[in-house]
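Engineer: I have a structure I would like to understand better, so I am pasting it below and will then ask my questions one at a time.
2 protein chains.
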Amino acid sequence: MATMNISSLTARRAAIGVDVGGTKIAAAVVDASGRLTHRVQRATDVSGVDATLASIRAAIEAVLADAGPTAGDVGGVGLGIPGKVDPVSGVGLLSVNLGWRDAPVVATLEAALGLPCRIENDVSVGALGEARYGAGRDRQSLVYLSLGTGVAARVVIDGRLYRGAGGMAGEIGHLVSDPDSLLCKCGARGCLEAIASGPGIAARAQQAVDARTPTALRDMAAGGPVTTRMVFAAADAGDEVAQTIVERTGQYLGGAVKTLIMLYDPEIVVLGGGLAQAGNRLTAAIIREVDRLAAESYVFRDLWRPDRLAVSVLGPDVALLGAAALAL
Amino acid sequence: MATMNISSLTARRAAIGVDVGGTKIAAAVVDASGRLTHRVQRATDVSGVDATLASIRAAIEAVLADAGPTAGDVGGVGLGIPGKVDPVSGVGLLSVNLGWRDAPVVATLEAALGLPCRIENDVSVGALGEARYGAGRDRQSLVYLSLGTGVAARVVIDGRLYRGAGGMAGEIGHLVSDPDSLLCKCGARGCLEAIASGPGIAARAQQAVDARTPTALRDMAAGGPVTTRMVFAAADAGDEVAQTIVERTGQYLGGAVKTLIMLYDPEIVVLGGGLAQAGNRLTAAIIREVDRLAAESYVFRDLWRPDRLAVSVLGPDVALLGAAALAL
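Residue numbers (our numbering), protein chains in the order written: chain F, 1 to 328; chain D, 329 to 656.
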């Protein structure tokens, strides 16, 4: 009976989580137990800061309308924003995907919606989501490694994000992973993000095609650019060049997992983002490399246990849930 | 007048800091403002766990006797212990230098001394010392990179040590820095500790001598083993081989500083340990490499400022002060 009471009380508290991306905005009502009760998706208008903020507001208003009477339970809004944000001032400092600088996200939305709003970096909300509702639920510390268009990690300790002095802690994507490989947009050569992100995988496959290496990717691309999706499809179909590219990506990322474990000694590392959802081939290659590194070094072996690496259990919803967690 | 009162009250609280090494034990009385008032040094008896604990106890009793009436101000003892320790149970879990496993340090000393005792890993107490009394005094977060027989980092956030799940957070010494270089004792090839520690520098110099590369180190060693000290002396005297070894060491360690900054985003990185005290040549080479890496990558440049890297200001006293801080 007491349990019933508590859960009905808990259910009355809810928040809106917003996942702001460069092409689309997802918004959802999330209750305190991490259940998504309503959800909408809208295109992102990136024609200017005001237009982008208006499309974020429209998505939130749409999900509130959708929620109907449940909207009364909503106590706040949390937003995951790509790029650099200042969660204290509520300003989106710099986002290449949204094309903005110093966007007054919180001030604008709070004035329009009359609800308290909080923002964080999109990878950070992924880490919070997985820590609170996903693979880190029963763990005191978690590292979330986001593998997608970018590669970055975020750390949650005792339920709180470890931000570092400037909110950039976890920028593993710009450690040099292979100094003989591709140039990174940041200026260095062989950064993890340049070679093991989605675009990095496609670029390395493109190199192989351009070098006229015999591979099915050539016909698949049919003169157009090679995509990450093609690489995984060709690898699954038995193409050796594509398989080698995926295997090598697993080695780069397995090395990154070792770095994260040695430096943060977390209870769990969770792989998230589009590449972690792209099928078993890449995650299996990552695990193979981590196992190899553990077999090779007794110091790393001492820190490593198979239950310390997991694939995101929340999948694409992780950012919505983590964003809502900011406001819950 | 109020200030006088406060400082005389503060002065009445003191602790003993103990720096336990494989060859010698240093103990000192430290007051709350971080002043060392009395200090002793004893040889470490490593003939067995009981003998080692007895020599630690003897050092503490000697400094208490030395302190005379001031001993009444001492409220506790903090100890920095090499290797893996459990600060909660007070057990020295594993120390290669002391040759012990599961040593009941705190239980034994508390029973003998009647004073509360606390232990931590020796690099951790260095980090605490520098955070509380040294280069990190006015900073919210600090990474201490210890460069000596081993290479390891420890992180202090808001005055507290970030230990990770198993107390091993910061083990950067076993990240692979140069996969083509020397084999590490851990089993992997080219670990930072294997090539950029004191013994690592000596081993790389020995390789050059053994390969009959023309260098003054050959005569200096006179058929015996090349030492780290010889490498720095030869470099200062203009020997190009020795200079290249030091420069390359700076590159390895500069890369490690970048890794620490990207992953922890700390307000400051402090270089400590014997190599950081070994003169300007190595620290200058480290700074040169960090500057080069910042010039190369705008993402790193965004996180990097020259005031974010410093050499330990406490020098060899850092462990004594940090150990005392455990008990203050």
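Note that beta-carbon positions come from the ideal geometry of N, C-alpha and C, so glycine has one too. The structure displayed is predicted, hence computed values, not measured ones.
#1: What are the residues in the stretch 455 to 476 of chain D lying within 9 Å of chain F by C-beta distance?
#2: Of the residues F/G170, F/Y298, F/T213, F/P214, which one's Cα is nearest the Cα of F/E193?
#3: From F/T249 to F/D122, what distance separates their C-alpha atoms?
#4: Taking its Cβ as the centre, do 16 or more other Cβ atoms sit within 10 Å of D/D347, making it buried, or is it exposed?
#5: Of the choices F/Q277, F/D86, F/A295, F/G322, whose alpha-carbon is the least far from that of F/A310?
#6: If the cut is a Cβ gap below 8 Å, which residues of chain D does F/Y252 touch?
#7: Check the C-beta distance from D/G582 over to D/S525 and give it rounded, since I have them as a contact under 8 Å.
#8: Run through the stretch 430 to 479 of chain D for me and flag every whole alpha helix (DSSP H) of 4 or more residues, listed as ranges in chain order.
#9: Measure the alpha-carbon distance for F/I56 versus F/T44 and round it to whole angstroms.
#10: Starting from F/S297, find everything on chain D with Cβ-Cβ shorter than 8 Å and list it in chain order.
#11: Tell me whether D/A354 sits in a helix, a strand or coil according to DSSP, three-state version.
#12: Quick check on D/T587 - is its C-beta less than 7 Å from some C-beta in chain F?
#13: Do the stretch 448 to 462 of chain D and the stretch 586 to 601 of chain D meet, that is, are 3 or more Cβ pairs less than 8 Å apart?
#14: Flag this pair as yes or no: are the beta carbons of F/V30 and F/A324 separated by less than 7 Å?
#15: Quick check on this structure: which residue in D/G350, D/A342, D/A354 has the alpha carbon closest to the alpha carbon of D/D645?
#16: Give every residue of the same chain whose Cβ lies closer than 8 Å to the Cβ of F/R308, excluding the five residues on either side of it in the sequence, and list them in chain order.
#17: For F/S89, which of helix, strand or coil comes out of DSSP?
#18: Below 7 Å between beta carbons: does that hold for D/E448 and D/P415?
#19: Since D/R363 sits in a beta bridge, which residues does DSSP pair it with?
#20: Using C-beta distances below 8 Å, list every residue in its chain close to D/Y580, excluding the 5 sequence neighbours before and after it, in chain order.
#21: Checking contacts by CB at 7 Å: is D/D593 closer than that to chain F?
#22: Measuring only the C-alpha atoms, how far is D/L426 from D/A387?
#23: Give me, in chain order, the residues of the same chain whose beta-carbon lies closer than 7 Å to that of F/L314; leave out the 5 immediate sequence neighbours on both sides.
#24: Residue range of the alpha helix (DSSP H) that D/D347 falls in?
#25: Against chain D, with Cβ distances strictly below 7 Å, would F/A152 count as a contact?
#26: Helix, strand or coil for D/K513, going by three-state DSSP, please let me know.
#27: Quick one: what's D/V559 bridged to in DSSP?
#28: How about F/A194: is its C-beta nearer than 7 Å to some C-beta of chain D?
#29: Roughly how many whole angstroms lie between the Cα atoms of D/A539 and D/F628?
#30: I want to verify the contact list: residues of chain F whose CB lies under 8 Å from the CB of D/G492, in sequence order.
#31: Would you call the stretch 605 to 625 of chain D and the stretch 406 to 420 of chain D in contact, with 3 or more CB pairs under 8 Å?
#32: Verify the CB distance criterion: does F/L169 have a CB-CB separation below 7 Å to chain D?
#33: Can you look up D/R616 in the DSSP assignment and give me helix, strand or coil?
#34: Which residue wins for smallest C-alpha separation from D/L421, given the options D/G464, D/A382, D/V377, D/G442?
#35: Given a limit of 9 Å on CB to CB distance, which residues of the stretch 287 to 319 of chain F reach chain D?
#36: Taking 7 Å as the threshold (C-beta atoms), are F/Y264 and D/G492 in contact?
Structural biologist: On the basis of the coordinates in this document:
#1: Cβ contacts with chain F come from R467, Q468, S469.
#2: Of the listed residues, the one whose Cα sits closest to F/E193 is F/G170.
#3: Each residue's CA atom was taken as its position, placing F/T249 and F/D122 some 23 Å apart.
#4: D/D347 should be labelled buried.
#5: Ranked by Cα distance from F/A310, the options F/Q277, F/D86, F/A295, F/G322 are led by F/Q277.
#6: In chain order: nothing, as chain D lies at least about 13 Å away.
#7: Contact between D/G582 and D/S525 fails: their C-beta atoms lie close to 15 Å from each other, not under 8 Å.
#8: Segments of the alpha helix (DSSP H) lying fully in the stretch 430 to 479 of chain D: 433 to 441, 450 to 461.
#9: If you draw a straight line from the Cα of F/I56 to the Cα of F/T44, it comes to about 7 Å.
#10: H502, C512, C514, G515, A516, C519, listed in chain order.
#11: Secondary structure at D/A354: strand, using DSSP grouped into helix, strand and coil.
#12: For D/T587, the answer is yes, since a Cβ of chain F falls inside 7 Å of its Cβ.
#13: With three or more CB-CB distances shorter than 8 Å, the stretch 448 to 462 of chain D counts as touching the stretch 586 to 601 of chain D.
#14: Contact annotation: F/V30 and F/A324 have beta-carbon atoms nearer than 7 Å.
#15: Minimum Cα distance to D/D645 is reached at D/A354.
#16: Within the same chain, I261, P266, E267, I268, V269 come within 8 Å of F/R308 by CB-CB distance, once the 5 residues on both sides are set aside.
#17: Reduced to three states, the DSSP call for F/S89 is coil.
#18: Against a cut-off of 7 Å, the Cβ pair of D/P415 and D/E448 comes out as a contact.
#19: D/R363 is bridged by DSSP to nothing; it lacks a bridge partner.
#20: Non-local C-beta neighbours of D/Y580 in its own chain, meaning closer than 8 Å and more than five positions away in sequence, comprise S505, D506, L520, I523, A524, ordered along the chain.
#21: Proximity of D/D593 to chain F, defined by a Cβ-Cβ separation below 7 Å, is satisfied.
#22: Taken atom to atom, the span from the alpha-carbon of D/L426 to that of D/A387 is near 16 Å.
#23: Closer than 7 Å at the Cβ level, and outside the excluded window around F/L314, lie G129, E130, Y133, G134, L321.
#24: Per DSSP, D/D347 is not a residue of any alpha helix (DSSP H); the beta strand (DSSP E) it occupies stretches across 342 to 348.
#25: Answer no: the Cβ-Cβ gap between F/A152 and chain D never drops below 7 Å.
#26: DSSP places D/K513 in coil when its eight states are reduced to three.
#27: D/V559 pairs with nothing; no bridge assigned.
#28: Chain D contact via Cβ: absent.
#29: Distance from the CA atom of D/A539 to the CA atom of D/F628, rounded to whole angstroms, is 38 Å.
#30: Here the neighbours are S141, Y264, D265, P266.
#31: Verdict: no, contact absent.
#32: According to the sequence provided, residue 169 of chain F is Ala. The question's Leu does not apply to it. Chain D contact via Cβ: present.
#33: In the structure shown, D/R616 sits in a helix (DSSP, three-state: H, G or I).
#34: Nearest option by C-alpha distance: D/V377.
#35: Of all residues in the stretch 287 to 319 of chain F, L293, A295, E296, S297, Y298, V299, F300, R301, D302, L303, R308 have a Cβ within less than 9 Å of some Cβ in chain D.
#36: Yes. Within cutoff.
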